[in-house]
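Q: In the numbering used here, the protein residues as written are 748 to 1006.
1) Going by beta-carbon coordinates alone, are residue 751 and residue 895 separated by less than 7 Å?
2) Between which two residues does the alpha helix (DSSP H) holding residue 882 run?
3) In terms of alpha-carbon separation, which member of 880, 958, 971 lies closest to residue 804?
4) Quick check: the Cα distance between residue 760 and residue 1000, rounded to an integer number of angstroms?
5) Quick test of the definition: if touching needs 3 or more C-beta pairs under 8 Å, does the region 949-958 touch the region 966-985?
6) In this structure, does DSSP put residue 802 in helix, strand or coil?
7) Among 924, 1002, 772, 993, which has the Cα closest to the Cα of residue 890?
8) Touching or not, the region 761-774 and the region 854-864, by the rule of three or more beta carbon pairs under 8 Å?
9) Would residue 837 and residue 843 be called neighbours here (beta carbons separated by less than 7 Å)?
10) CB residue 833 to CB residue 853, shorter than 7 Å?
11) In whole angstroms, what separates the C-alpha of residue 997 from that of residue 959?
12) What is the DSSP secondary structure of residue 984, reduced to helix, strand or coil?
13) Taking the alpha-carbon positions, what's the residue 991 to residue 883 distance?
14) Pick from 966, 819, 787: whose alpha carbon is nearest that of residue 840?
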């Protein structure tokens, strides 16, 4: 179930960003409810980054709050949900630390942003989000479910099917994405958008592969071995450590690298 949700979140963020943010928030809050898995600091880090999927909220916090509160029934529902969750957190943990409180405050801000329908609120044809609304794909939930079923179910029953199933799943996401990855890469190869995307990919994935990053990497709850060989089914980890394990290799490498 956890693996399925882990796959569902990025797929839905790609295909239907507003609902992807909602799923991500619910998933992280579920983790925070359990004492054994509580990770408020990590949840804050993930929660703060969801703002890129709600550009209208990023453009103006006060306008976002006014717009969300303007849709009273949804605003009341969002506020009540956060209030009940806060009460449950206190009941389970006995108190609410700063990490948990900040996460819940950010979640309320996001909920109010999502509460305003994209096709209403006096914004004309473009809706309450105006020109800042991210494109959403038709049948996004069905596509997300298809992707999750493909990459999670067959590999669990037959590990040798992992690589072909994941490859097919990624190919489907590329076809369903609002912009085809190759077209996006060519269009933004030399601008700030492309540089930001490349930096994000390097930060999120390249560090553990090279063996330069453990904390704040994309291996949370993955039980991925960072050193001494990889247990990941698709990619290696700790490549630099493996390459420099031999004394001759370490001697030939620059001092700053082999130290």
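For each residue, glycine too, the CB sits at the ideal point set by N, CA and C.
A: Based on what the coordinates show:
1) In contact: residue 751 and residue 895 (Cβ atoms closer than 7 Å).
2) Segment: none, residue 882 is in no alpha helix (DSSP H) and carries neither H nor E.
3) Nearest C-alpha to residue 804 among 880, 958, 971: 880.
4) Near 42 Å, if we compare the C-alpha coordinates of residue 1000 and residue 760.
5) Yes: at least three Cβ pairs fall under 8 Å.
6) The three-state reading of DSSP puts residue 802 in helix, counting H, G and I together.
7) Each of 924, 1002, 772, 993 was checked against the Cα of residue 890, and the nearest Cα belongs to 924.
8) The region 761-774, when compared against the region 854-864, does touch it at the 8 Å Cβ threshold.
9) Yes.
10) Taking 7 Å as the Cβ cut-off, residue 833 and residue 853 do not qualify as a contacting pair.
11) Rounded to the nearest angstrom, the two C-alpha atoms are 16 Å apart.
12) Here residue 984 sits in coil by DSSP.
13) So the alpha carbons of these two residues sit roughly 46 Å apart.
14) With distances taken between Cα atoms, residue 840 lies closest to 787.
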